[in-house]
Amino acid sequence: MSSRPELQAPPEIFYDDTEARKYTSSSRIIEIQAKLSERALELLALPDDGVPRLLLDIGCGSGLSGETLSENGHQWIGLDISQSMLDVALEREVEGDLLLSDMGQGLPLRTGVIDGAISISAIQWLCNADKSSHEPRLRLKAFFGSLYRCLARGAKAAFQVYPENVAQRELILSSAMRAGFAGGVVIDYPHSSKMRKEFVVLTCGPPSISSSVPQGKGQDGESCSDDESSGDEEDQTVCISDRHRPRKKQKVTKKGRTRQWILKRKEKGRRKGNVVPRDTKYTGRKRKARF
Amino acid sequence: MKLLTHNMLTSTVKGVVNGFPLRIEVEKTLEKQVDFSADFLRNLFYKVDWKALVEAAQTMGYAELPEEAPDSTVLESEDFLKKFHYALLELHLEEGNLVCPETGRKFPVTKGIPNMLLHEDEV
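Line order of the protein sequences matches chains W and A. Take the first sequence: its position 223, counted from the start at 1, is 223 in the working numbering, and no numbers get skipped. In the working numbering, each number is its position in the second sequence, counted from 1, plus 1000.
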């Protein structure tokens, strides 16, 4: 995350022709985008009746995320601020309709017509002031206000975001809450730095059972934000008790790598989302002497 | 741009009370094949602003849709759904303008993409 595109230039300038081409010709990015949009669609929790819905893709770019929506049979409208990205989308002949629009100016859509909205790695751009007239707070307010208006009651929005820091996440969430949304952040793989992904999941309308935030993946049944912080505290207490233990006992000898220790390490790897061989009766067994 | 999208779009220029529907100025239209889904159309029927759709279809040169908003019984008729589907999803505006009904501000449509960006004094 050393070179955040948000810090380099405004989106309509950063995503120029070369960058747009680069973005869409990288199979790695395509795969990641497809996975993220698949997950965002899952978080939307649309009724499972096979009826195509009208969805919104905010910051659709070259239509990579929209393709996932089309594959699932939905109609979508995509909007983006970068003409170059939209040109690539045209070339790829995406099925959704495209709009050249700035989400920070409010969505130019009628009231209550959209069944759901997704956005992949776009909302954090709103936190930047790229022009003298830009005020992140106002732009977020315009965005969430217009989004609330155009979504049907009970419709959901799932935005994958890369907030730069805690303050940005707070800013995004508080703007959404002020616009009337209920919801929160879902974090997939919170223990892994590589696979960790954050989704802001919002429901249009007052809080209810249906608006409860779904669980993130790979976190062993603990719910996202609150429990995570308490988990950290637990770790801290463990550290403190460790410090008071006599030195000798802390030393990990080679003999310490028992089967149990290996299983523990493997479990940790699994939690991080790494590829770990399965546990068998051979796990942690010594090789025969002939080796 | 599909007429479906047109039916959802409003003008958000500062000070505009009712920016819907945007008037269409046609330069070039296009037809694209889209998969037919009766369920989707039935769902959408209640959301579409009928008057705006009929007017838009007429400006695009398609006058098969009934003038008055039909009641929901027509949703059983295959024939109606076909027409509805064609007007809503297959008829595309490729080049032209969308005009705000109150201010007359033009949003140009190029290669099927409407440019809805506002100038700084319009936000």
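Glycine included, each C-beta is placed from N, C-alpha and C at the ideal position.
- In the DSSP assignment, A182/W forms a beta bridge with T203/W.
- Exposed is the label assigned to I13/W, since fewer than 16 other Cβ atoms lie within 10 Å of its Cβ.
- As computed with DSSP, Q160/W is found in a beta bridge with I120/W, F199/W.
- About 15 Å separates the beta carbon of E1025/A from that of H1092/A, a gap too long to meet the 8 Å contact definition.
- Residue burial annotation: V275/W is exposed, with fewer than 16 other C-beta atoms found within 10 angstroms of its C-beta.
- Within chain A, L1117 have C-beta atoms less than 7 Å from the C-beta of D102/W, given in sequence order.
- T1005/A belongs to the set of residues whose beta carbon lies under 7 Å from a beta carbon in chain W.
- Between the alpha carbons of F159/W and H74/W lies a distance of about 18 Å.
- Of the other Cβ atoms in all chains shown, 16 or more fall within 10 Å of the Cβ of K1002/A; this residue is therefore buried.
- At least 7 Å separates the CB of D1121/A from every CB of chain W.
- Bridge pairing for D102/W: absent [DSSP].
- Not a single C-beta of chain W is nearer than 7 Å to the C-beta of L1041/A.
- Between L126/W and G145/W, the CB-CB gap reaches or exceeds 7 Å.
- Using a Cβ-Cβ distance cut-off of 8 Å, the stretch 1044 to 1055 of chain A and the stretch 256 to 274 of chain W are not in contact, since fewer than three pairs of beta carbons, one from each stretch, lie closer than that value.
- Taking C-alpha positions only, E91/W is separated from G273/W by approximately 36 Å.
- As computed with DSSP, N1097/A is found in a beta bridge with E1025/A, P1108/A.
- Contact of D48/W with chain A by beta-carbon distance below 8 Å is absent, the smallest such distance being about 13 Å.
- Residue burial annotation: P52/W is buried, with at least 16 other C-beta atoms found within 10 angstroms of its C-beta.
- Between L79/W and L99/W, the gap from beta carbon to beta carbon is short of 7 Å.
- M195/W and L202/W have their C-alpha atoms roughly 22 Å apart.
- Checking the DSSP bridge columns, you'll see I77/W partnered with L56/W, D97/W.
- Nearest to L147/W by alpha-carbon distance, out of C60/W, V113/W, S192/W, is V113/W.
- Using a Cβ-Cβ distance cut-off of 8 Å, the stretch 1036 to 1046 of chain A and the stretch 1071 to 1087 of chain A are in contact, since at least three pairs of beta carbons, one from each stretch, lie closer than that value.
- Scanning its chain for C-beta atoms nearer than 7 Å, with the 5 sequence neighbours on each side dropped, one finds around T1059/A the residues I1024, V1026, in chain order.
- The residues H1006, L1009, T1010, S1011, L1098, V1099, C1100, P1101, F1107, in chain order, have a CB closer than 8 Å to that of L1022/A in the same chain once the five nearest residues on each side in sequence are set aside.
- Residues of chain A whose Cβ lies closer than 8 Å to the Cβ of S133/W are, in chain order, E1120, V1123.
- Boundaries of the alpha helix (DSSP H) harbouring L140/W: 136 to 150, taken from the DSSP string.
- Among the CB atoms of chain A, one or more fall inside 7 Å of the CB of L109/W.
- For K1002/A, the beta-bridge partners assigned by DSSP are H1092/A.
- Looking at the DSSP output, P1114/A bridges to V1109/A.
- Our two residues, G180/W and Y282/W, have alpha carbons roughly 56 Å apart in a direct line.
- Across the structure, G50/W and N72/W are spaced so that their CA atoms are roughly 9 Å apart.
- DSSP places P11/W in the uninterrupted alpha helix (DSSP H) bounded by 11 to 14.
- Within 7 Å of the CB of G106/W, the CB atoms of chain A belong to T1012, in sequence order along the chain.
- 7 Å or more divides the Cβ of K1028/A from the Cβ of E1090/A.
- Sequence-distant partners of L44/W (beyond 5 residues in either direction) whose C-beta falls short of 7 Å from its own C-beta, in its chain, are G116, I118, K156, A158.
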